[in-house]
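Encoded as structure tokens, the structure appears first; notes follow it.
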Ligand code: HEM
Ligand SMILES: Nc1ncnc2c1ncn2[C@@H]1O[C@H](COP(=O)(O)OP(=O)(O)OP(=O)(O)O)[C@@H](O)[C@H]1O
Ligand SMILES: Nc1ncnc2c1ncn2[C@@H]1O[C@H](COP(=O)(O)OP(=O)(O)OP(=O)(O)O)[C@@H](O)[C@H]1O
Ligand SMILES: [Mg+2]
Ligand SMILES: [Mg+2]
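Protein chains in written order, with our numbering: chain V, 1 to 221; chain Z, 1001 to 1221; chain B, 2001 to 2220; chain P, 3001 to 3220; chain C, 4001 to 4232.
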């Protein structure tokens, strides 16, 4: 059962992770996002600290969104998705496998972008790194969960990318807000974190409980 | 000849533009990008003016990137791209058609996002709107040109979305920089615009001259 | 073993199937003939549980498939127009993925054996995306050797296969039928089906009628 | 009208075609037989200019195709395994797009006529993505009626077609051959090709050999 | 590619000798009165920066040759030059960052040179990833060559856009540090010239080694394919 989920995730990311190039290409992806950020906003050092939470979350959102296009890409060719659905595993497991692959790659980018941002923008908060990563990871759970469901929903839709953004962004707004506030709280000496964290966790629980079930409904035809 | 290019573009965007829903969904897409921006950075009014150029360009870049996944999407099904290449029109014309469709949709988003930003962030620069739109449009020419070529190049590549970002972002750095600076120049009373505009035009010329030719090379097998 | 009662299906307002009744026993092969667009693939999609049955009943080995889809999927195998293959994986990897999804625990040598059996041993480690149409088809059909299903659903299995492939497929199907499996296939190819013991049926206007004399009234 | 001289092709290190020589005249139909993976589709892809010829010569109507690909593309039509159809467009829109790409100026009634001729009139305004396999194939073949090419390249044209479709296709091809067109097709289906006057060839180990007695030595 | 085999050894020896001579000079040269011993980083930093750019020129030429003449050798050299150029770019960035910490008090600043160097590194990396992301090696080679040429045209534009961007706005605090380059003179100059030459030789040597390695790998793949398809 779980083996099947693992297999699906493996199939999706193995090709990526097997070659060592992926890690470094993710790294450079992260760097180029930072270059764009610098060119667009030219923050000075003080501003950089203030904008850091937003930058991290915007990048996470962007990476997720970009990754969603890929989640079901391999399934588009030659009726492969249909093949998946005809397997005798419950649909929840299929969803789980798809979600897992997506989650892994997004977490990877977050892991890379945080230290990079701190070096390139001179933000000195190295002791907060684990806390920030924890918050990002927590938010990513729900974000990719919902995202994977939406990706399944919009398979074969016209102007799919716009549609995905259109659906995902408003639905994850609470997540984004609490995530940004939580990271900002961590970065300030007297910052408030706990209530935002609670909100994040509630959000995760709701989405992770609902999405596998919704997926099962979705693929019935 | 040009009719064929027009046809290709029409085929790609007709389905989108024919339904009125597209316009409104683009509008909501723009709004949700702004909401994310607000949630992520919470700029106050003065900051908003400073960040406006960057925001506009980051959105343009993001929209283009998201749109590139779609440019050749319709051609993936059932060997359609192959069918295109077997048409007796020169390959440059095919490229031109693909580029045109992509350009139109990106311009549409820009057209929507500019007034929206100004309203939502209280930026009072209505007289500058045509100038800003002109700058955005100018940059978009080259941006989508290069983007379309890259999209053709990465058809069927593994983790294509990351790759597209990785290739497009560094190569369009001059465009981003001069675009941001030009818009910032327009917004300031004593701003410098002309040299940045020149740079934008040079960039456009280089890319629009090179890409159709490169496309022809690319699709030879 | 398979029993269909009053199966109907429509896409939007277009009624494709209007009351299909069919019974298939162990060791039997039912062949569906019918014009293009008559609904053969739709019927097979319903039987494979890809499409949900809204009107009518479908029993497989006494399981009410409408209610226990998961159990039915375990017992049947569908090979359609599409090959359900992943281009960036090799044949071995494709079959391994398939086996994992079905919860089969197969050794790699078992997989290679299946690949040999369909004549693809020389291409066993090449990504499937470069395969020729017939090679893909062979690989898709190779799953039959691994899954040992109760019911086999085949949509135009002979298309793209060369003479050797057709011979291999028919030998395989004969063996499978003798061992007590059941086959329902759609085809436009009575010449190739002829090598199998089978019951021909004709699908037209949403109705299924058995064809008394396969050699004469067949549509081709 | 078509002349191939010493055509070779390899994918990476794998040599698929090793010196193909062939001459096809107006009104002639050459049928390529050969095992799965023997290179029939590859040969047709070279002839269609989708793959670039690296070794050997290819003349079409005295045009050196290696040098003037664009001119050759004007004169030939290729219908392969893939239908080159856009799912979100209707048949009429698909044909219109095709016509525009080829620079044909056809009225809509002309297009509808072609759609009628392949028996799809009832589905002429339905997006192609819901079509059955045979319906797609028919629509893909309908292009032949519009384009009036010098050379027709067909890869397994009979697959997915029902008896009526096969009859229609053969009638069409006969008419086309009589009017002086040339056909090169790959097929696994000698029974259906039989209704056409044709020269069978066999492709094996990268070499083309003409088959003296089509009825006897054919591979099927 | 026979020529590569022939020149590899002499090239290697020449590189070694010139590096040794350069190193000796560096050892001899006096420590800067301002910068102390850290100035020695200069001798790695500047030559590798030159090689990073020179490699791209090399890459562009090889790419043009490949598209034009379809020589597989040109493609191999292009692939090798990409890897070598990326290595030198990374070395420039690393040595600069290490130098920057004591000199400017920070690892990184968004200065014109620094930014354009970072972009160059991303471009190199993009080319390397692109080649291996396409399953068909011929397609990969062709796409990479096209993009390398486009990048070659784009690099000057990137450079100037970044320069104008940074010099129009920034207070000249950073550029002042760079102006110190003007002061490179006297005993600092000869080792710098020698080492620049040595790094060019080193770059060529690395390209040679890398190209031979790539060629060997391709031949191995070919043998593998031939083994799998004996009669074709
Ligand atoms: C990550 C940081 C750095 C990068 C990416 C970098 C990059 C470069 C580049 C691209 C060149 C140009 C070579 C040429 O045009 O021929 C250069 C030259 C030079 N750099 Fe850096 N650099 C960095 C940090 C530093 C630091 C911290 C110093 C010392 C304070 C420094 C001092 C120099 C000098 C003296 C030259 C020679 C200038 C000349 O010959 O025109 N660099 N660097
Ligand atoms: N998802 C769908 N939505 C709407 N209509 C559909 C859908 N799938 C199939 N149809 C329609 O149902 C009819 C039957 O299609 P089906 O694929 O079952 O035919 P078929 O008998 O398999 O034909 P063929 O011999 O060509 O394969 C066709 O008219 C087709 O257009
Ligand atoms: N793009 C490609 N890259 C690598 N190998 C390829 C490519 N296309 C085809 N091949 C290989 O070339 C051989 C011939 O393929 P081709 O499609 O021409 O066969 P075919 O004769 O049409 O077979 P079928 O009867 O199954 O359609 C096969 O072994 C296939 O794997
Ligand atoms: Mg069918
Ligand atoms: Mg073929």
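For every residue, glycine included, the Cβ atom is placed at its ideal position computed from N, Cα and C.
On a predicted model such as this, the values are computed, not experimentally measured, just so you know.
Requested in this report: Would you check whether ligand 5 has a heavy atom nearer than 7 Å to the C-beta of residue 3041(P)?
Outcome: yes
Requested in this report: Under 6 Å Cβ to Cβ from residue 120(V), same chain only, skipping five residues before and after it: list those, please.
Outcome: 34
| task | Please name the residues in the region 1079-1099 of chain Z whose beta-carbon is closer than 8 Å to at least one beta-carbon of chain P, in chain order. | result | 1079, 1080, 1082, 1083, 1084, 1085, 1086, 1087, 1088, 1089, 1090
Checklist entry - Measuring from the CB of residue 3121(P), is there a heavy atom of ligand 2 at a distance below 7 Å? => result no
Item to complete: Please report how far the alpha carbon of residue 171(V) lies from the alpha carbon of residue 60(V), in whole angstroms.
Response: 15 Å
Notebook entry, point to check: So with Cβ pairs under 8 Å, would you call residue 4142(C) a contact of chain Z?
Noted result: yes
- With 9 Å as the C-beta to C-beta threshold (strictly closer), list the residues of the region 3100-3113 of chain P near chain Z in chain order. 3100, 3101, 3102, 3103
Quiz item: How far does the beta strand (DSSP E) with residue 2005(B) in it reach, from first residue to last?
Solution: 2002-2011
* **Cβ contact (3+ pairs, closer than 8 Å) linking the region 2095-2113 of chain B and the region 2053-2064 of chain B** => no
_Beta-bridge pairing of residue 3023(P) - partner residues as DSSP gives them_ = 3003(P)
- Task: Could you name the residues of the same chain whose beta carbon sits closer than 6 Å to that of residue 3106(P), not counting the 5 residues immediately before and after it, in chain order?
- Result: 3099
Measure from the alpha carbon of residue 3156(P) to the alpha carbon of each residue in 3146(P), 3126(P), 3116(P), 3140(P), then state which is nearest.
-> 3140(P)
Under a CB-based cut-off of 8 Å, is residue 3012(P) close to chain Z? no
| said: Under 8 Å, Cβ to Cβ, is there at least one residue of chain Z near residue 2960(P)? | reply: Residue coverage of chain P in this structure runs from 3001 to 3220, which leaves residue 2960(P) outside it and unanswerable.
Using a Cβ-Cβ cutoff of less than 6 Å, which residues in the same chain neighbour residue 2214(B) once the five nearest sequence positions on both sides are dropped? For residue 2214(B), the pLDDT reaches just 44, beneath the cut-off of 50, and the residue's location in the model is therefore unreliable, although a value from the coordinates is still provided. If we look at residue 2214(B) and ignore the five residues flanking it on each side, its Cβ neighbours are 2200.
Exercise for review: Assign residue 4179(C) to one of three DSSP states: helix, strand, or coil.
Suggested key: Confidence at residue 4179(C) is low in this model, with a pLDDT of 48, below 50, so its placement is unreliable and the value that follows should be read with caution. Of the three classes helix, strand and coil, the one that applies to residue 4179(C) here is helix, per DSSP.
*Roughly how far, in whole angstroms, is the beta-carbon of residue 182(V) from the beta-carbon of residue 197(V), given that I think they are within contact range, below 8 Å?*
6 Å
Review point. Cα separation between residue 113(V) and residue 102(V)?
Key: 17 Å
Problem - Where residue 4222(C) meets chain P, residues with beta-carbon distance less than 9 Å - result: 3012, 3013
*With a cut-off of 8 Å, does the C-beta of residue 4093(C) fall near any C-beta of chain V?*
no
> Could you check where the beta strand (DSSP E) with residue 2209(B) kicks off and where it finishes?
Replying inline: 2207-2210
Three or more C-beta pairs under 8 Å: does that hold for the region 2081-2089 of chain B against the region 71-78 of chain V? yes
For this session: Identify which residue in 3187(P), 3210(P), 3191(P), 3202(P) has its Cα closest to the Cα of residue 3079(P).
Result: 3187(P)
* Asked: Nearest chain D C-beta to residue 1195(Z) closer than 8 Å, yes or no?
  -> Among the protein chains of the structure shown, namely V, Z, B, P and C, there is no chain D.
Are there any heavy atoms of ligand 2 lying less than 7 Å away from the beta-carbon of residue 3131(P), as far as the coordinates show?
yes
### Message
What would DSSP say about residue 4146(C), mapped onto helix, strand or coil?
### Response
helix
inquiry  = Measuring alpha carbon to alpha carbon, tell me which residue in 4163(C), 4120(C), 4082(C), 4123(C) is nearest residue 1199(Z).
reply    = 4163(C)
Task: Limits of the beta strand (DSSP E) - the one that residue 215(V) falls within - done: No beta strand (DSSP E) holds residue 215(V); the alpha helix (DSSP H) holding it covers 194-219.
Open item on the list: Counting C-beta neighbours from all protein chains within 10 Å, is the total for residue 3180(P) 16 or more, i.e. buried, or is it exposed?
Closed with: exposed
Length of the line joining the Cα atoms of residue 2042(B) and residue 4115(C):
59 Å
In chain order, which continuous runs of the beta strand (DSSP E) of length 3 or greater are located wholly inside the region 2101-2181 of chain B?
2151-2155
Check: So with Cβ pairs under 8 Å, would you call residue 4022(C) a contact of chain V?
Finding: no
Please identify, using Cβ separations under 7 Å, the residues of the region 35-46 of chain V that lie next to chain Z, in order along the chain.
35, 36, 39, 40, 41
**Asked** What in chain V is Cβ-close to residue 4106(C), meaning under 7 Å?
**Response** 122
### Query
Going straight from the alpha carbon of residue 4068(C) to that of residue 4074(C), what length do you get?
10 Å
Inset, instruction - Report the option in 108(V), 136(V), 128(V) whose CA atom is closest to the CA atom of residue 1162(Z). - result: 108(V)
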